[in-house]
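See below for the structure under consideration.
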Amino acid sequence: MRLIDIPAILKDRRGSEINLIDKTIMGIELDSRNVQAGYLFVAIQGTNSDGHQFIDEAIQNGVIAVVGEMDLEKELPIPYFQVKDSRVALGQLAAFFYQYPSGKHKVIGVTGTNGKTTTSYLIRHILQSVGRTCSLIGTVSNIINNKTITSSNTTPDAIQLQRLLFESNDEFVIIEVSSHALNQSRTEGIRLDFALFTNLSHDHLDYHHNMNDYYYEKKKIFKLLKDEGESIINVDNEWGKLLARELDESIPQSLVGSDGEYLIGNIQMNGQTSFTVQHLGKNYKILLPLQGIHNINNAAMAFVTSLRIGLKPEQIRAALARFSGVPGRFESVFNEHGARFVVDYAHTKDAFEYCLQTAKYQKANNIYHIFGFRGGRDRSKREDMIRVSAKYSDLFILTMDDLNEESKEDMLEDLRAFHGSFPNGQVIPDRTLAIQTLWEIAEEGDWIFITGKGPERYKSHFQLGTDCDIDTLNYLKGSNDETHK
């Protein structure tokens with residue numbers, strides 16, 4: 033990529049003509065601390081800092097040009113490209129720099145409040161089971177060319193996203209696409225073969241303000257489809273039904289659900305999960321090792337996507353029957369008495385309901401629930417989450433999650449105020465102590481849900497010295513095994 037190519041890429045460039053030297057751009061960066069000699073620096077106005085304030089630092093570190101959206105008070109010693117939207121420009125530049133890498137893959141984008149990760153892992157498992165190669169970019173980790181890379185966001189920034197696509201040699205790439213990524217144009221320059229919508233429920237309203245805005249951002253994923261691209265929509269929720277009605281008629285739709293063209297029915301959850309998908313007069317019975325009502329929808333979405341890719345129904349059914357699960361998604365550990373402890377990433381009212389209803393279906397003796405609230409996030413959903421937990425749980429325990437910028441005192445005050453309205457709730461601030469408390473009293477037939485963190489590490493130090501829910505359970509299980517040797 034040459035410096036003189038930039039005006040052609042950034043069609044919304046403003047300002048006076050720039051005398052450009054034919055230099056090669058060695059890299060693109062949005063963090064001034066990471067730039068190197070020969071790089072292009074893109075100044076982004078973030079929520080916590082403004083990249084325009086670090087232009088001088090970037091120049092000192094050797095950048096050969098800057099892209100930004102602000103009027104600068106002084107002239108720079110290097111070219112400055114002023115654009116309407118730095119985030120859009122970043123995506124356009126990164127896509128060009130990495131040679132529009134989404135074009136060399138079959139790319140599947142998955143969006144929705146719940147189910148993105150499990151649906152993505154299910155599709156990848158199905159593809160790999162028939163010998164197709166598949167990368168995955170998402171919440172738990174990024175898997176490129178069968179190598180696992182730590183993930184810091186559900187959807188990476190535009191530079192990292194384009195770089196991962198460029199580095200992948202796999203035929204397929206699955207991308208979990210968050211509403212934040214769509215709003216912030218991190219997916220600019222990405223082109224999808226399939227766009228999946230799993231569902232929409234109350235979440236992230238600290239960022240999106242209301243459900244209509246949240247829906248509008250999710251809907252943007254369908255603008256990323258290639259000309260021949262297809263949509264696959266779960267219509268077992270009102271937002272999915274609305275989307276199916278509103279989507280451009282030129283985009284092929286596959287509607288999945290209890291009243292979709294791919295009809296889900298005959299649900300059985302007696303120890304083993306099974307259901308059917310009916311389409312064009314044919315019934316496909318699916319056996320699934322995963323527990324949870326929500327996982328039926330996730331598996332159905334993966335089944336239909338795989339059909340649309342061109343796989344045979346029997347191949348897909350066989351793969352689904354062998355799926356081993358996703359880290360931190362309905363992951364189970366049993367204590368010495370046979371009680372089931374379930375770790376799940378659930379952090380919305382709907383996700384709570386999916387989990388807790390599963391225990392009801394399985395005729396649990398007692399249902400216990402441990403959860404907390406992420407500090408500095410959508411406070412408006414907290415009461416609804418507690419009401420659902422109180423409705424289905426025999427006992428729920430409110431505990432600490434990551435506080436972020438919220439003070440410990442304010443969080444404790446919130447937890448105590450909430451639980452006081454429900455006789456079946458209590459507060460144990462130390463998350464690992466809450467888990468240990470239930471580990472010691474839970475009996476066979478009891479289900480204990482520990483939600484909100486999944487495989488994430490804690491940012492605080494807790495009593496047992498562990499920093500992950502599944503680690504805490506394995507620590508307790510290991511201690512118990514040692515005790516009874």
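Per my numbering, the sequence shown starts with residue 33, numbered consecutively. From the three backbone atoms N, C-alpha and C, an ideal C-beta is built for every residue, glycine too.
| Asked | Found |
| --- | --- |
| Any idea what DSSP makes of G510, helix, strand or coil? | helix |
| Short of 7 Å in beta carbon distance, which residues of its chain neighbour Q285, apart from the five on each side in sequence? Order them along the chain. | S263, I265, A276 and L279 |
| From this set, E203, Q394 and S173, which residue's C-alpha is nearest I341's C-alpha? | E203 |
| Between the Cα of T79 and the Cα atoms of V309, N215 and V288, which residue gives the shortest distance? | N215 |
| Report yes or no: is there a C-beta of chain C within less than 8 Å of the C-beta of Y71? | In summary, chain C is missing from the structure at hand, where a single protein chain is found. |
| Going by C-alpha distance, which of N177, R65 and S173 is nearest N185? | S173 |
| Buried or exposed: P188, going by 16 or more other Cβ atoms within 10 Å of its Cβ? | buried |
| Determine contact between the segment 429-441 and the segment 386-406, defined as no fewer than three beta-carbon pairs at a distance below 8 Å. | yes |
| Kindly list the residues whose CB is nearer than 8 Å to the CB of S306, restricted to its own chain and excluding five residues on each side of it in sequence; keep chain order. | N298, I299, Q300, K317, I318, L319 and L320 |
| Do D268 and S233 come within 8 Å of each other at the CB atom, strictly closer than that value? | no |
| Quick one: Cα of L159 to Cα of I110, how far? | 48 Å |
| What does a CB cutoff of less than 8 Å around I328 pick up in its chain, not counting 5 residues either side in sequence? | I296, I299, T305, F307 and L320 |
| Indicate the three-state DSSP secondary structure (helix, strand or coil) for Q192 in the structure shown. | helix |
| Report the start-end ranges of each beta strand (DSSP E) in the segment 316-375 that is 3 residues or longer and not cut off at the edges. | 363-366 |
| How would you call T151, buried or exposed, if buried means at least 16 neighbouring beta carbons within 10 angstroms? | buried |
| Where D462 and S338 are concerned, what is the direct C-alpha to C-alpha distance, given to the nearest angstrom? | 43 Å |
| Give me the DSSP bridge partner(s) of E61. | F73 |
| Compare the Cα-Cα distances from T56 to each of L42, F129 and K138 and report the closest residue. | F129 |
| Rounding to the nearest angstrom, what Cα-Cα distance links I283 and E293 in this structure? | 16 Å |
| Pick out the complete beta strand (DSSP E) segments inside the segment 370-418, 3 residues or longer, and give them in chain order. | 372-376 and 399-403 |
| Ignoring anything shorter than 4 residues, give me the alpha helix (DSSP H) runs that lie fully in the segment 220-296, in order along the chain. | 237-240, 243-251 and 270-278 |
| Mind listing, in chain order, the continuous alpha helix (DSSP H) runs of no fewer than 4 residues lying wholly within the segment 99-141? | 118-129 |
| Output the distance between the C-alpha atoms of S161 and Q458, rounded to the nearest integer angstrom. | 45 Å |
| Pick from K440, T145, F373 and I418: whose alpha carbon is nearest that of E476? | F373 |
| Please state whether the Cβ-Cβ distance between F229 and K252 is less than 8 Å. | no |
| Could you check whether L35 and I60 sit closer than 8 Å to each other, using their CB atoms as the reference points? | no |
| If I follow the unbroken beta strand (DSSP E) through L427, where does it start and stop? | L427 to L430 |
| For F450, which residues in the same chain have their Cβ closer than 6 Å to its Cβ, ignoring the five residues on either side in sequence? | I418 |
| Are the beta-carbon atoms of V375 and I460 separated by less than 8 Å? | no |
| So, is S421 buried or exposed, given that buried needs 16 or more other C-beta atoms within 10 angstroms? | buried |
| Between the C-alpha atoms of V358 and E438, what's the straight-line distance to the nearest angstrom? | 30 Å |
| Should the segment 130-147 be regarded as contacting the segment 86-97, the criterion being three or more beta carbon pairs within less than 8 Å? | no |
| Measuring alpha carbon to alpha carbon, tell me which of R218, D416 and A383 ends up nearest I191. | R218 |
| So, is N506 buried or exposed, given that buried needs 16 or more other C-beta atoms within 10 angstroms? | exposed |
| Tell me whether D225 is buried or exposed, calling it buried when 16 or more other Cβ atoms sit within 10 Å of its Cβ. | buried |
| Helix, strand or coil, according to DSSP, for Q458 in the structure here? | strand |
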